[in-house]
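Peer 1: Just add 55 to the spot in the sequence shown (first one is 1) and you have the numbering used here.
For each residue, glycine too, the CB sits at the ideal point set by N, CA and C.
Structure incoming, see below.
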Amino acid sequence: MMRANKIALDFTSPGALPPDSTDLIRQITAEIETSIRTLEQALETNVMKEAGWQLLASFYLGTNRINDFSALKSRYENCFKTPIFAELGQEKQPPDSSDITFEIPQRITCQSLPEIPAILEACTSRDGAVLDFSRVQSTDISGIKALTNLFTQLPHDRIRLKITGIARFIDNLEKTADSSSGIEEMWNLLFAYHRFCDDMHTFDDLAIKYATRFSISPPSW
């Protein structure tokens, strides 16, 4: 591996590459392909953070794999309810001040969550709504059940809803559900959330884990 303080590669000017650069280009291409495969495997095993999605998207664009990029972009935006390009360096637009923002509390309980009818009404209004999970740190069983009820009731279309800051919460919930302390209510929330996100691939992966864990038939989409 070349050290950065030993050599700097400049691809921006004519003649920058050495005359016999075939091996170097082949090495760079192989490393990129290896990185793509590693990221794809992480994505399929549900262990990849948002930054990994964004890096994989940039690799797809850089290697002109437009179909793969389009599929990843759609899946990302379904899961995280935000454009992937905004995370890849485009300046984020300021939030619409007319949006009705519901801040999900640090500890989610049945009593601490905003009322579901109010959320549903805001989602179908002209201005739309925002569910902000960025402050969430913990939840109890009543909060898990309440969130499951919320995502089950949210319609898939004809609504204006943004969900922000939820990726960390869902990631931690998946890890806990798959651990020795996981309970069925956690899985029910994950299934409800991924149905709402229209993420059948992740749903199916979780369904297999769930069926294995509880020795029952997997839930259907």
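For Glu132, which residues from the same chain have a beta carbon less than 8 Å from its beta carbon, with the 5 sequence-adjacent residues on both sides left out?
Peer 2: If you number the sequence shown from 1, residue 132 lands on position 77. If we look at Glu132 and ignore the five residues flanking it on each side, its Cβ neighbours are Pro138 and Ile139.
Peer 1: In whole angstroms, what is the alpha-carbon distance linking Glu229 and Ser113?
Peer 2: On the sequence shown, residue 229 is found 174 positions in, with the first residue counted as 1. On the sequence shown, residue 113 is found 58 positions in, with the first residue counted as 1. The alpha-carbon atoms of Glu229 and Ser113 are separated by roughly 26 Å.
Peer 1: Cβ atoms of Ala184 and Asp233: under 8 Å apart, would you say?
Peer 2: Here residue 233 refers to the residue found at position 178 of the sequence shown. Here residue 184 refers to the residue found at position 129 of the sequence shown. Not closer than 8 Å, so no.
Peer 1: Are there 16 or more other CB atoms within 10 angstroms of the CB of Gly198, so buried, or fewer, so exposed?
Peer 2: The count along the sequence shown starts at 1 and reaches residue 198 at position 143. So Gly198 counts as buried.
Peer 1: Check Arg162 in the structure and name its three-state DSSP category.
Peer 2: Position 107 of the sequence shown, counted from the start, is the residue given in the question as residue 162. Here Arg162 sits in strand by DSSP.
Peer 1: Go ahead and label Arg130 buried or exposed: buried means 16 or more other beta carbons lie within 10 angstroms of its beta carbon, across all protein chains shown.
Peer 2: Mapped onto the sequence shown, residue 130 falls at position 75. Buried, since its Cβ has 16 or more Cβ neighbours within 10 Å.
Peer 1: Count the other C-beta atoms from every protein chain shown that fall within 10 angstroms of the C-beta of Ala177, then say buried if there are 16 or more, exposed otherwise.
Peer 2: Here the question's residue 177 lines up with position 122 in the sequence shown. The residue is buried, with at least 16 neighbouring Cβ atoms inside 10 Å.
Peer 1: Cα separation between Ala173 and Ile225?
Peer 2: For the purposes of this step, residue 173 is taken as residue 118 along the sequence shown, with counting starting at 1. For the purposes of this step, residue 225 is taken as residue 170 along the sequence shown, with counting starting at 1. Their Cα atoms are separated by approximately 23 Å.
Peer 1: Is Leu261 near the ligand HEM - that is, is its Cβ less than 7 Å away from at least one heavy atom of it?
Peer 2: The ligand content of the structure shown is nil, which means the ligand HEM is not present either.
Peer 1: Tell me where the alpha helix (DSSP H) around Thr231 begins and ends.
Peer 2: What you label residue 231 is simply residue 176 of the sequence shown in a count that begins at 1. Run containing Thr231: Ala222 to Ala232, per the alpha helix (DSSP H) assignment.
Peer 1: Buried or exposed: Thr89, going by 16 or more other Cβ atoms within 10 Å of its Cβ?
Peer 2: Reading the sequence shown from its first residue, position 34 is the one you call residue 89. Exposed is the call here.
Peer 1: Who are the near neighbours of Glu95 in its chain, counting only those whose CB is closer than 8 Å to its CB and skipping five residues on each side?
Peer 2: In the sequence shown, the residue the question calls residue 95 occupies position 40. Same-chain partners within the cutoff: Leu111.
Peer 1: By the three-class DSSP mapping on this structure, what secondary structure does Ser113 have?
Peer 2: Along the sequence shown, one-based indexing puts residue 113 at 58. Helix, per DSSP.
Peer 1: Using C-beta distances below 7 Å, list every residue in its chain close to Met285, excluding the 5 sequence neighbours before and after it, in chain order.
Peer 2: No answer is possible for residue 285: it lies beyond the span of the chain, which begins at 56 and ends at 276.
Peer 1: Find out if the Cβ-Cβ distance for the pair Phe246, Pro274 is shorter than 8 Å.
Peer 2: Position 191 of the sequence shown, counted from the first residue, corresponds to residue 246. Position 219 of the sequence shown, counted from the first residue, corresponds to residue 274. Cβ atoms of Phe246 and Pro274: closer than 8 Å.
Peer 1: How big is the Cα-Cα spacing for Asp259 and Thr203?
Peer 2: On the sequence shown, residue 259 is found 204 positions in, with the first residue counted as 1. On the sequence shown, residue 203 is found 148 positions in, with the first residue counted as 1. Roughly 18 Å separates the two Cα atoms.
Peer 1: Which of the three DSSP states is assigned to Ser275 in this structure?
Peer 2: Your numbering for residue 275 matches position 220 in the sequence shown. In the structure shown, Ser275 sits in coil (DSSP, three-state: anything other than H, G, I, E or B).
Peer 1: Determine the closest residue to Leu205 out of Ile159, Glu239 and Asp182, with distance taken between C-alpha atoms.
Peer 2: As a first step, residue 205 is located in the sequence shown; it is residue number 150 there, counting from the start. Measuring from the Cα of Leu205, the nearest candidate turns out to be Ile159.
Peer 1: Which partner residues of Phe157 appear in the DSSP bridge assignment?
Peer 2: The residue given as residue 157 occupies position 102 in the sequence shown. In DSSP, Phe157 forms a bridge with Leu186.
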